[in-house]
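Everything below concerns the one structure shown next.
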Amino acid sequence: MSEPNAGPFDALELTVFSQGVAMLAEEMGGLLERSSISPNIRERRDASCALFDAAGRMVAQAAHIPVHLGAMPESVAAVRAAGAHAGDLFLLNDPSHGGSHLPDLTMVEVIAHPHDAARIIGYAAVRAHHADVGGISPGSMPFGATELYQEGIIVPPVRIEVNGVPQRDVLQLILANVRTPAEREGDLRAQRAACAAGRKGWQALFLRLGEDTLHAAVNALLDYTERRVRARLALLDGAHGFAVDALEGDGVSDAPIPVAITASIRDRTLQLDFTGTSPAVRGNVNAPPAVARAAAVFVLRVLCDDDVPVNDGVARALHIVMPDDCVANAKRPSAVAAGNVELSQRMTDVCFAALANAAASIGVHDLVIPACGQGTMNNITLGAPGWSFYETLGGGQGASLRGDGPDAVHVGMSNTRNTPVESLERAYPLRVVEYAVRRGSGGAGAHHGGDGVVRRYQTLVPCTATLLTERRRVAPPGAQGGSAGSAGRNLLNGEPLPAKTRVAMQAGDVLTLETPGGGGWGTTTSEHQMPPRRA
1 MSEPNAGPFD ALELTVFSQG VAMLAEEMGG LLERSSISPN IRERRDASCA LFDAAGRMVA
61 QAAHIPVHLG AMPESVAAVR AAGAHAGDLF LLNDPSHGGS HLPDLTMVEV IAHPHDAARI
121 IGYAAVRAHH ADVGGISPGS MPFGATELYQ EGIIVPPVRI EVNGVPQRDV LQLILANVRT
181 PAEREGDLRA QRAACAAGRK GWQALFLRLG EDTLHAAVNA LLDYTERRVR ARLALLDGAH
241 GFAVDALEGD GVSDAPIPVA ITASIRDRTL QLDFTGTSPA VRGNVNAPPA VARAAAVFVL
301 RVLCDDDVPV NDGVARALHI VMPDDCVANA KRPSAVAAGN VELSQRMTDV CFAALANAAA
361 SIGVHDLVIP ACGQGTMNNI TLGAPGWSFY ETLGGGQGAS LRGDGPDAVH VGMSNTRNTP
421 VESLERAYPL RVVEYAVRRG SGGAGAHHGG DGVVRRYQTL VPCTATLLTE RRRVAPPGAQ
481 GGSAGSAGRN LLNGEPLPAK TRVAMQAGDV LTLETPGGGG WGTTTSEHQM PPRRA
């Protein structure tokens with residue numbers, strides 16, 4: 001902590017408080033992972049946990065998934081707008097009421113005062129990606145969807161518990177609309193346990209510190225975070241830059257979908273203007289504005305030192321300008337399944353590029369902004385009656401001033417793990433016949449981009465495969481003279497597949513994903529020779 005004075009709390013006290021509330025969120029996540037049923041949550045950890053105060057401000061989050069966490073304040077705001085009462089438990093996924101895309105079911109517990117059951121003192125929130133929530137194809141990440149209604153069951157903020165009493169009929173309605181109800185119910189029970197852990201931890205903290213001290217500590221922590229972020233932005237005051245990139249079609253058309261962002265720093269505030277970005281499209285790469293907010297919060301946090309807490313104080317230094325008709329400002333009935341996973345990645349790439357351009361406009365060339373990483377989550381869904389498997393795959397991270405980009409990692413808005421081969425093969429009629437680093441796929445430069453991965457799936461039964469991927473036509477660009485990473489490839493039995501597609505697989509067929517490498521950073525000169533590539 002660099003500030004000696006944090007209002008009524010000294011630096012040590014504020015550090016202890018910040019780490020303490022963050023650990024409460026981490027404990028929620030640990031319980032969720034241990035008690036969930038599906039490999040997607042238990043093994044891949046495609047879920048996120050956070051704690052909010054009585055005013056709905058995010059106080060702490062676990063080190064989970066950026067695209068979840070930056071958008072979860074919208075979920076709590078939607079619950080508050082629905083007339084939450086202390087002790088209620090809500091479930092939602094509606095993108096127009098606090099959700100992101102339909103597979104992400106968010107559970108929010110309204111935390112009651114320990115000695116006054118009618119008073120609200122906070123909120124515990126858990127978002128988890130469920131492997132199926134209905135819709136036109138197994139896994140609920142459909143190719144070619146043109147309406148939200150095709151993607152699965154839509155859940156506005158609804159109470160599934162009232163004062164601790166389960167509303168079983170509501171849960172039965174949800175489970176009747178999914179392909180794997182037993183697995184879904186098990187994962188929802190795990191989310192319920194995680195919310196309860198957050199509630200108990202927050203209530204214990206409330207009792208230990210007292211209401212006034214806890215409120216003051218939250219204010220001090222958020223104010224401190226805001227000061228740290230604005231102090232970083234002050235170094236770029238007056239900067240102005242622009243960048244544009246594109247998605248490779250929306251699943252209905254292959255036409256590029258521009259994502260344009262102007263970044264300006266004025267009065268220690270980062271303004272991101274999406275004017276010039278494509279209008280809403282027919283396919284499902286649209287996203288609600290909460291996803292754009294999540295991408296912006298992630299980029300802003302990356303600019304700061306590692307010890308800056310992540311809470312609502314970060315977003316205070318951010319202002320987003322969004323056209324009304326925009327692919328990143330989806331309105332019902334726009335389809336959004338791929339927007340949360342793929343548009344979020346492109347927005348992150350473009351935000352970083354616009355910031356690099358802005359820094360250069362005022363002569364700042366030592367800002368640690370990476371070249372583009374793989375720029376996709378490589379979404380793959382395999383399923384048939386009775387089972388559904390979903391995962392995302394890592395790839396190469398972009399290099400930066402600091403050094404080479406790491407190989408085979410989840411990049412940008414994704415922070416999940418892989419599904420272990422043993423877990424996958426035990427749970428589903430699938431075999432992984434190869435899983436390896438895609439050597440040589442990272443871009444060259446003074447610092448190399450990270451390499452992608454190769455993953456080959458063989459199905460033991462007929463099934464449907466759905467792919468929602470990016471960076472298959474246009475490779476992730478390098479920065480400061482570095483080379484682009486390699487574009488990704490999708491293949492079925494060795495034959496190329498489009499970036500976004502749905503195909504029928506027969507027993508014995510092999511589906512291959514070769515994920516993109518990250519862009520390189522910097523040019524090589526005789527004074528700075530390219531280091532040898534890692535073995």
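Take the sequence shown: its position 344, counting from 1, is numbered 344 in our numbering, and each next residue is one higher.
Glycine residues also receive a C-beta, built at the ideal position from the N, C-alpha and C atoms.
Query: Rounded to whole angstroms, what's the CA-CA distance from residue 4 to residue 376? Just pull it up for me.; Result: Confidence is the limiting factor: at residue 4 the pLDDT is only 38, short of 50, which leaves the residue's position unreliable, though a coordinate-based value still follows. Each residue's Cα considered, the two are about 41 Å apart.
Query: Confirm, please, whether the CB-CB distance from residue 173 to residue 181 is below 7 Å.; Result: no
Query: Grab me the residues of residue 439's own chain with a C-beta within less than 7 Å of its C-beta, minus the 5 sequence neighbours each way, in chain order.; Result: 451
Query: Looking at the unbroken alpha helix (DSSP H) that takes in residue 18, where does it start and where does it end?; Result: 11-35
Query: Of the choices 428, 432, 411, whose alpha-carbon is the least far from that of residue 421?; Result: 432
Query: Is residue 214 helix, strand or coil by DSSP?; Result: helix
Query: Does the beta-carbon distance from residue 230 to residue 354 come in below 7 Å?; Result: no
Query: Starting from residue 423, trace the alpha helix (DSSP H) both ways and give me its first and last residue.; Result: 421-427
Query: Tell me residue 389's beta-bridge partners as DSSP assigns them.; Result: 382
Query: Can you have a look at residue 66 and say buried or exposed, based on whether 16 or more other CB atoms are within 10 angstroms of its CB?; Result: buried
Query: Could you tell me the alpha carbon to alpha carbon distance between residue 134 and residue 228, rounded to whole angstroms?; Result: 44 Å
Query: For residue 400, count the other beta carbons within 10 Å of its own beta carbon; 16 or more makes it buried, fewer makes it exposed. Which is it?; Result: buried
Query: Please list the segments of the beta strand (DSSP E) lying wholly inside the segment 250-318, counting only runs of 3 or more residues, in order along the chain.; Result: 257-266, 269-273
Query: Taking just the CA atoms, how far does residue 237 sit from residue 265?; Result: 5 Å
Query: Hey, out of 394, 340, 416, 313, whose CA is closest to residue 102's CA?; Result: 340
Query: Alpha carbon to alpha carbon, how far is residue 71 from residue 10? Give it in angstroms, no decimals.; Result: 31 Å
Query: In this structure, how does DSSP classify residue 186 when only helix, strand and coil are distinguished?; Result: helix
Query: Taking the runs of the alpha helix (DSSP H) that are 4 residues or longer, which of them lie wholly in the segment 148-178?; Result: 168-175
Query: Alpha carbon to alpha carbon, what distance is there between residue 518 and residue 86?; Result: 47 Å
Query: Could you check the C-alpha separation between residue 437 and residue 393 for me, to the nearest Å?; Result: 12 Å
Query: So what's residue 246 in DSSP terms, helix, strand or just coil?; Result: strand
Query: Below 8 Å on the Cβ atoms is my contact criterion, and I expect residue 144 with residue 251 to pass it. Report the Cβ-Cβ distance as a whole number of Å.; Result: 5 Å
Query: Would you tell me roughly how many angstroms separate the C-alpha atoms of residue 324 and residue 336, rounded to the nearest one?; Result: 16 Å
Query: What does residue 228 pair with, by DSSP beta-bridge criteria?; Result: None; residue 228 has no bridge partner.
Query: Let me know if residue 140 comes out buried or exposed under the rule of 16 or more other beta-carbons within 10 Å of its beta-carbon.; Result: buried
Query: Would the segment 359-370 count as touching the segment 492-511 if we require 3 or more Cβ pairs under 8 Å?; Result: no
Query: With a threshold of 16 other CB atoms inside 10 Å of the CB of residue 211, please say whether the residue is buried or exposed.; Result: exposed
Query: In three-state terms, what does DSSP make of residue 58?; Result: strand
Query: Can you check which of these residues, 282, 283, 273, is closest to residue 289 by C-alpha distance?; Result: 273
Query: What did DSSP end up calling residue 496 once you bin it into helix, strand or coil?; Result: strand
Query: Which same chain residues end up closer than 6 Å to residue 456 when comparing Cβ atoms and leaving out the 5 residues on each side of it in sequence?; Result: 433, 434, 510, 512
Query: Provide the residue(s) that pair with residue 106 in DSSP beta bridges, ordered along the chain.; Result: 92, 127
Query: Going straight from the alpha carbon of residue 309 to that of residue 492, what length do you get?; Result: 44 Å
Query: Given that a residue counts as buried once 16 or more other Cβ atoms are within 10 Å of its Cβ, and exposed if not, what is residue 545?; Result: Past the edges of the chain, shown from 1 to 535, lies residue 545, and the structure says nothing about it.
Query: Cα-Cα, which of 15, 110, 255 is closest to residue 198?; Result: 110
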